[in-house]
Amino acid sequence: MKHLLFITIFLCLASCKDAPKNAIHAIDKTPGTELATDQSHPGKILLEKECYTCHNPETAQNEMIAPPMMAVKKHYLKATTSRDQFVKDIMSWVKDPSEKNSRMPGALRKFGIMPYQSFPDETIIQIAQYLYDNDLDTPDWFQSHMGKGQGKGKGMGKGKGMGECSGNCMGKDKGQCKHMGKVSIDTLKKYKKLGQKYAAEAKGALGKKLVQAITEKGPDGAVEFCNINALPLTDSLSLAKGATIRRVTDKPRNPLNKANEKELTFIADFKEILASAKAVDPILDITDGQIDFYYPITTNAMCLQCHGVSEEQISTSTLVILDKLYPKDMARDYQDNEVRGIWAISFKENN
832 MKHLLFITIF
842 LCLASCKDAP
852 KNAIHAIDKT
862 PGTELATDQS
872 HPGKILLEKE
882 CYTCHNPETA
892 QNEMIAPPMM
902 AVKKHYLKAT
912 TSRDQFVKDI
922 MSWVKDPSEK
932 NSRMPGALRK
942 FGIMPYQSFP
952 DETIIQIAQY
962 LYDNDLDTPD
972 WFQSHMGKGQ
982 GKGKGMGKGK
992 GMGECSGNCM
1002 GKDKGQCKHM
1012 GKVSIDTLKK
1022 YKKLGQKYAA
1032 EAKGALGKKL
1042 VQAITEKGPD
1052 GAVEFCNINA
1062 LPLTDSLSLA
1072 KGATIRRVTD
1082 KPRNPLNKAN
1092 EKELTFIADF
1102 KEILASAKAV
1112 DPILDITDGQ
1122 IDFYYPITTN
1132 AMCLQCHGVS
1142 EEQISTSTLV
1152 ILDKLYPKDM
1162 ARDYQDNEVR
1172 GIWAISFKEN
1182 N
């Protein structure tokens, strides 16, 4: 008998009515009295949405297209740096990412200047405040690369684990739900981490090429790159990882990226969770040794250059190319921080 398991740590009750009837959801049990820390901090959500395209700590060292945020924090936060000064310094860099304004010469030599993006001041402030106040997720290779003694925020983050299964369905065996069979909480966390790793590597590979295209030719170059290379790139990563890595959406630009009925259900769930202003965790669907991993792709300032409002975020020249290459384009008129689609990644238990 097949056992189908859907797990998501942050679940709004409104999404339950549309979920498959045999779905099982785990919830985060972090006390609600914690004030804007860790998962609930708006700066964390903005950090992951706006910065992790290039600075994702899950990306392998040789696939990084920018330094991880832990390295950025290390260079900007000294023992005597106040919170206000730290925020001011981060603001200065984001507003003027130039060689003269850089504090990371090694990263500058390796990755080049960060492309300028127009962020509201409040967004930068919230991200910088979160960086200052909280431990960050740290890449496995970071300590050996940068050396020990990281100062403030040197920890590895406060991973909350998977929480309890809702519906009072915890079995007698500690760490297992009776609906999960023999799949332990630690195993589920391993699958989640592996799915996030594949998504981060694919996102990093695409992001590196997109940033290069935007730097050289602007958004027009990014559109041309995606038209020719986006699907072959994810296909080659799938082959290399022994997994199936796809980007799917309810509003496709390329018809080959159209989500199926099951994926549309998860896209709707992620939209509701994102609208609730909570951090979003992956969904896992485990059936007979096959792991299907789903995680949202959300819009940020860079995305809107090709997926925003025509003649506002999307320039006239870019619109001409889009109309030529994608005559049935549905992927426009997005606003900031909306679900553009999802990563749909499948792999076997022994990966």
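Remember, the numbering used here sits 831 above the position in the sequence shown when you count from 1. For every residue, glycine included, the Cβ atom is placed at its ideal position computed from N, Cα and C. Being a predicted model, the structure only gives us computed values, none of them experimental.
Residue environment, residue i, which counts as buried when at least 16 other CB atoms sit within 10 Å
| i | result |
| --- | --- |
| Gln1166 | exposed |
| Tyr947 | exposed |
| Lys941 | exposed |
| Ile955 | buried |
| Arg914 | exposed |
| Val1151 | exposed |
| Glu889 | buried |
| Asn887 | buried |
| Pro1113 | buried |
| Lys905 | buried |
| Leu1070 | exposed |
| Gly1161 | This sequence places Met at residue 1161; Gly is not what is there. Answer is exposed; the Cβ neighbour count stays below 16. |
| Asn965 | buried |
| Ile921 | buried |
| Asp927 | exposed |
| Arg1078 | buried |
| Asn932 | exposed |
| Ile876 | buried |
| Ala897 | buried |
| Ile944 | exposed |
8 Å Cβ cutoff met for residue i and residue j
| i | j | result |
| --- | --- | --- |
| Gly1172 | Ile1076 | no |
| Phe1101 | Pro1083 | no |
| Asp1116 | Val1140 | no |
| Gly1052 | Ile958 | no |
| Tyr1029 | Lys1072 | yes |
| Leu1068 | Ala1031 | no |
| Gly1120 | Lys1023 | no |
| Asn1091 | Thr1080 | no |
| Thr912 | Gly1038 | no |
| Pro1050 | Pro970 | no |
| Thr1129 | Lys880 | yes |
| Ile1176 | Ala1061 | no |
| Ala1044 | Thr1065 | no |
| Asn893 | Leu1025 | no |
| Asn1058 | Leu1135 | no |
| Tyr961 | Leu878 | yes |
| Val1054 | Leu1153 | yes |
| Thr1149 | Cys1137 | yes |
| Met895 | Phe973 | no |
| Ile1122 | Val1111 | no |
Coarse secondary structure for residue i, derived from DSSP in three states
| i | result |
| --- | --- |
| Tyr1126 | strand |
| Ile896 | coil |
| Ser1141 | strand |
| Arg934 | coil |
| Phe1056 | helix |
| Pro970 | coil |
| Ile1045 | helix |
| Ile944 | coil |
| Tyr1165 | coil |
| Ala1032 | The sequence as given places Glu at residue 1032; Ala does not occur at that position. Helix, per DSSP. |
| Ala1061 | helix |
| Lys1003 | Because the pLDDT of Lys1003 is 32, which lies under 50, any placement of that residue in the model is unreliable, and the number read from its coordinates should be weighed accordingly. Three-state result, Lys1003: coil. |
| Ser1069 | helix |
| Thr1018 | helix |
| Leu939 | helix |
Residue interval of the beta strand (DSSP E) (run including residue i)
| i | result |
| --- | --- |
| Val1179 | The sequence as given places Lys at residue 1179; Val does not occur at that position. Looking at the DSSP string, the run of the beta strand (DSSP E) that includes Lys1179 is 1170-1179. |
Extent of the continuous alpha helix (DSSP H) to which residue i belongs
| i | result |
| --- | --- |
| Met807 | Not covered by the structure: residue 807. The range shown for the chain is 832 to 1182. |
| Arg914 | 914-926 |
| Ile1148 | Ile is not the amino acid found at residue 1148; the sequence shown has Ser there. Unbroken alpha helix (DSSP H) run through Ser1148: 1147-1156. |
| Gly782 | The question about residue 782 has no answer, for the chain in this structure spans 832 to 1182. |
| Thr911 | Segment: none, Thr911 is in no alpha helix (DSSP H) and carries neither H nor E. |
| Asp1160 | Where Asp1160 is concerned, there is no enclosing alpha helix (DSSP H), given that its DSSP letter is neither H nor E. |
| Gln960 | 952-964 |
| Cys1204 | Since the first and last residues shown for the chain are 832 and 1182, residue 1204 lies out of range. |
4 or more residues per run - each alpha helix (DSSP H) lying fully within the region 1072-1136: Correct list: 1092-1106.
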